[in-house]
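**Q** I have a structure here, written as structure tokens, and I will follow up with some questions on it.
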Amino acid sequence: MINLLPPEDKKELLFKRKLKLILIFELGFLLFLISIALIAFSVSTYLGGEIDSEKTNIFQKEQDIDLDKIADFQKEIKVLNEKTKDIDTFYHQQTYLAGILEKISEKLPAGSYLNNLSFSQTSNTLNLSGFVLTRDDLLTFKRSIES
Numbered sequence: 004m005i006n007l008l009p010p011e012d013k014k015e016l017l018f019k020r021k022l023k024l025i026l027i028f029e030l031g032f033l034l035f036l037i038s039i040a041l042i043a044f045s046v047s048t049y050l051g052g053e054i055d056s057e058k059t060n061i062f063q064k065e066q067d068i069d070l071d072k073i074a075d076f077q078k079e080i081k082v083l084n085e086k087t088k089d090i091d092t093f094y095h096q097q098t099y100l101a102g103i104l105e106k107i108s109e110k111l112p113a114g115s116y117l118n119n120l121s122f123s124q125t126s127n128t129l130n131l132s133g134f135v136l137t138r139d140d141l142l143t144f145k146r147s148i149e150s
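Counting from 4, one number per residue, gives the positions in the sequence shown under our numbering.
As structure tokens, then:
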């Protein structure tokens, strides 16, 4: 085929072809950029949802752990309360003999001493045995203790 167009028209046709090619490449590049932007948006939306669900899971697990710790602390408190109750019961059942022994030592006649001292908590009795110089001292000691 013979091209009989003048050179200016040839240049103009060549310019229009190049312009169409450039326009096609620009349109393709624009579509490529739009598709990349949409892909990036969809990935960020997906990852945002995943992050939110993981945050929720972590929050639930932290609450479960906290509930377990609270239950353990409550058990420990219950055990300690029982021990405290046992100790309190023990102290309330004790008989304090310090005051009684002090009175006995004050009222014990001079030259006398005790050999044995026994206390029965069930019958609440105190038994003394020892040595006194005279029977009168013994009777005086007995009266002073009983009063």
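Backbone N, C-alpha and C define an ideal beta-carbon position, used for all residues, glycine too.
Because the structure is a prediction, the values reported are computed rather than measured.
Determine, using beta carbons only, whether Leu136 and Ile103 come nearer to each other than 8 Å.
**A** Not a contact, by the Cβ cut-off of 8 Å.
**Q** Is the segment 78-91 close to the segment 117-125, with three or more CB pairs under 8 Å?
**A** No: fewer than three Cβ pairs fall under 8 Å.
**Q** Quick one: residues in its chain with C-beta nearer than 7 Å to the C-beta of Ile148, no 5 flanking neighbours on either side, listed in chain order?
**A** These residues qualify, in order along the chain: Ile107 and Lys110.
**Q** Tell me the rounded alpha-carbon separation between Asp140 and Tyr94.
**A** Using only the alpha carbons, I get a separation of about 37 Å.
**Q** Tell me, to the nearest whole angstrom, how far the beta carbon of Ser115 is from that of Gly133; I am working on the premise that it is less than 8 Å.
**A** Confirmed, Cβ separation roughly 6 Å.
**Q** Which value, in whole angstroms, describes the spacing of the CA atoms of Glu11 and Leu34?
**A** Answer to the nearest angstrom: the Cα atoms are 34 Å apart.
**Q** Assuming Asn6 contacts Lys13 under a Cβ cut-off of 8 Å, what Cβ separation, rounded to an integer in Å, is found between them?
**A** Asn6 to Lys13, Cβ: 7 Å. Contact.
**Q** CA-CA distance, Ile101 and Arg138?
**A** Per the sequence shown, the amino acid found at residue 101 is Ala instead of Ile. Rounded to the nearest angstrom, the two C-alpha atoms are 27 Å apart.
**Q** By the DSSP assignment, the alpha helix (DSSP H) with Ser47 in it spans what residues?
**A** Per DSSP, Ser47 belongs to the alpha helix (DSSP H) from Pro10 to Gln96.
**Q** Going along the chain, which residues of its own chain have a beta-carbon closer than 6 Å to the beta-carbon of Asn239, five neighbours each way excluded?
**A** Here the chain comprises residues numbered 4 to 150, so residue 239 is not present and cannot be evaluated.
**Q** Quick check on DSSP: helix, strand or coil for Thr143?
**A** In the structure shown, Thr143 sits in a helix (DSSP, three-state: H, G or I).
**Q** So, helix, strand or coil for Leu129, using DSSP?
**A** Correct three-state label for Leu129: strand.
**Q** With DSSP collapsed to three states, give me the class of Leu104.
**A** Helix.
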